[in-house]
Each structure stands twice: as C-alpha cells, then as structure tokens.
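Numbering (the UniProt record's numbering), first residue to last: 1 to 384.
In structure tokens, the structure reads:
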C-alpha cells in the first residue's frame, strides 16, 4: 500500500489512528497537518485520508444543511438577477389591440401604452432597457430574492438531504449492502420533488413580488414591503400570491426532478470518487440547470403570465385563473412560439446560477466536514 504523503514517514494508513473503513460514511479522517482546498482522488492521496464531506458530521445536524442552502440560494439568485429580469420582460404577453378598440374614447391608446414593452430578443431587450431605464432597473426587485431565497433554499436543501439520506438507506437495505454512497437518479428526482413542494410554498409570494417589480419600466412599487402590501390590498392575499402556485409546482417539480437527477448522474460520471472538486460540481450544476431550464420554459411562460396579470390592462389576462387559462391565452395569442419566449435568457441565467449554487453548497459541506475533522483530531495530537 503506498504511503499517504500527508502522514509522517513512519506512519502508514494501515497503522494510523484512523485506518481505512469499508464505507465512506464510516471513514474517519487521518491526522492531516493541513486542510487542502481541493480533495484529491484516492490514487493521488489515499481515500482513507479524506473525510466523507458529502455526509456532514452527525454533530452538524440539519442547521448546517440549512445554512449551506441559504448561502447557495442567495448567491444563485442575485448573481444572475439582471438576466432573469430580461427573461420576465420577454415572456409577458402584450395586451390585444382589441382592448384599445373596445374603448370608445382616446383612452384606448393609453391602455395599450400601459402594457408591458415588447422586445425582439435578449440583446434588444438589454439594449433598450439599459438606454431608456438605466442598468439599475435590471436589479429592481432583487430585495425580494435576497429576503426570500435564504429561508426557502435552507428548507429546500435540508429537505433534500434528509430524503437523500433516507433513499440511500433504503437502497442499502434493498441491496443487502452495509451502505451505499451512490444515489439512484430516480431517488434523487423524488427527493428533489419533495423539497420543491415545500420550497415553493414559502418562495411563491416573494417570486410574485419579484416579477411584479421586474415587469414594467415604471417604478410602481417603492420597495418589497410596498409591493406586498399593495398586492394584498388590491388583489387579496391568496389571489395575488398563490394563484400561480399550482402552475409553479407543475413547472418546478419536473424542473427540480430533472435537475437533481441530472446533477447526480453527471457528478457520478465525472467525479466517481465523490471528492470535493469545484470544477466537477460546477460542470454538473451547469449541465443540470441548463437542461432543466430549457425543458420547462413553456410552463415558466404560463407562470409569468399568472404572476404579472394584475398589472395587465388586458381583461382576458387579468381573468386567467390557472395554468389552463394561461396556456390557452399564450397559444391563442402567439401559437407554439409563445411557449419558447425567454428560453435563451432562462438557460443563460440558470446555467451559471445553478453552477454557483451547487459549488457554494458543496464547498460549505466540505468546509464543515473538515472543520469537524480538525476538531476531532485535536485531542489525539495533544497526546503525541
């Protein structure tokens, strides 16, 4: 057996205080003299020397997953926020010209002008918004995701990790093995779907406020609080914040199921040793985010219509009560092409956002695991 380069020359992994364990979850860390930023593969440094960061220490508890998820969620949503704002603008339906014609007086032109601006594409939307409203307008509503994404993603990742651990236990029981560290993509999809139901219930009101503040060039809302109180006063709490919830779930569940299944599958393919590798986590996250975003864009178009309908001058849009009405309206107005609106900025924003999210989350897990390992080693070192 090759000597671990991180151990003293007189100590081999076999004789170290923490010999190799048959299961990664049971592995105890060897007494490292330093904590490397990136864990190496077993062929480079010996698998027994690196604690299993993917399974946080028992002392960490769910709070560690929640903190990791909160940090990852806030980072994910804020970094690519301007691109998400452009996506919202592109997806909004213009009011029908029949609305203006139905108004007997000259108010018809004013009603039509009050509708959302229409853009030919991502580049044209960025150029027009930047020139007419200023670049700062692309950040309008970011406070909503800063406030909402933290607790929502904390709940999301804590739930996912709980059900992932449960799935691994059930897989091990079914296979007769002592343990397994590779989750089946279908189990990962189920864990992601369960976490999504809870996350979206918490995040939906914040997402509605975000899109209302993104939607129009006029600053109708002075702040997140002003937006929320105005919507409740004018439209009612459940109509304003939860009309789109079933549609959000119909989009988010397949999105997150595909997202997690893809992430786990790609991670297993490019990082089979399950070590902390930022490049692998980033590549897997970007691939998962791009694929899931592209596939679920049609449902995202319907969700955007429902979440911004209160600002529309078009009675037909305001009267939409759910996904069926939203899908029918989009198809009547723009055909199948309408369901692809905003796909480019959606994919463009989700690729780096999910890459950043997963890299941040995995780093925090790695950091907590090594911090715990270092604390556990302190008494052993003091006796040498």
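The beta carbon of each residue, even a glycine, is placed where N, CA and C say it ideally should be. Every value quoted in this text rests on a predicted model; they were computed, and no experiment measured them.
Within 8 angstroms, strictly: CB atoms of residue i and residue j
i	j	result
residue 195	residue 159	yes
residue 86	residue 313	no
residue 249	residue 197	yes
residue 282	residue 359	yes
residue 241	residue 204	yes
residue 83	residue 348	yes
residue 301	residue 206	no
residue 317	residue 305	yes
residue 124	residue 215	no
residue 253	residue 76	no
residue 330	residue 338	yes
Which listed residue (the options) has its alpha carbon closest to that of residue i
i	options	result
residue 153	354, 370, 263	354
residue 72	342, 363, 284, 124	363
residue 183	161, 202, 365, 241	161
residue 269	88, 287, 81, 83	287
residue 157	205, 211, 64	64
residue 320	67, 77, 93	93
residue 291	337, 131, 125, 352	352
residue 191	262, 322, 368, 335	262
residue 340	367, 79, 120	120
residue 230	213, 245, 366, 336	213
residue 89	128, 79, 78, 75	128
residue 385	227, 280, 325, 297	Here the chain covers residues 1 to 384 and nothing more, so residue 385 does not appear.
residue 274	225, 371, 365, 174	365
residue 221	122, 369, 137	137
residue 193	256, 78, 276	256
residue 369	186, 170, 276, 185	276
residue 95	279, 126, 117	117
Helix, strand or coil at residue i [DSSP, three-state]
i	result
residue 333	helix
residue 313	coil
residue 350	helix
residue 80	coil
residue 321	coil
residue 345	helix
residue 282	helix
residue 298	helix
residue 150	helix
residue 133	coil
residue 289	helix
residue 368	helix
residue 66	helix
residue 170	helix
residue 121	coil
residue 276	coil
residue 37	Any reading at residue 37 needs caution, since the residue's pLDDT is 39, under 50, leaving its predicted position unreliable; the model's value is listed next. The answer is coil: DSSP assigns residue 37 none of H, G, I, E or B.
residue 93	coil
residue 140	coil
Assumed close pair residue i, residue j - CB separation to whole angstroms, cut-off 8 angstroms
i	j	result
residue 199	residue 135	Between residue 135 and residue 199 the Cβ distance is about 30 angstroms, and since that is not below 8 angstroms, they are no contact.
residue 303	residue 251	6 angstroms
residue 265	residue 150	Not a contact, Cβ separation roughly 28 angstroms.
residue 232	residue 258	Not really, about 34 angstroms apart at Cβ, beyond 8 angstroms.
residue 142	residue 81	5 angstroms
residue 164	residue 130	Actually they are not in contact, since the Cβ atoms of residue 164 and residue 130 sit about 42 angstroms apart, beyond 8 angstroms.
residue 244	residue 332	Not a contact, Cβ separation roughly 19 angstroms.
residue 387	residue 293	The question about residue 387 has no answer, for the chain in this structure spans 1 to 384.
residue 91	residue 342	4 angstroms
Continuous alpha helix (DSSP H) assignments of at least 4 residues falling wholly in the UniProt repeat "Solcar" (183-269): 185-215, 224-235, 237-242
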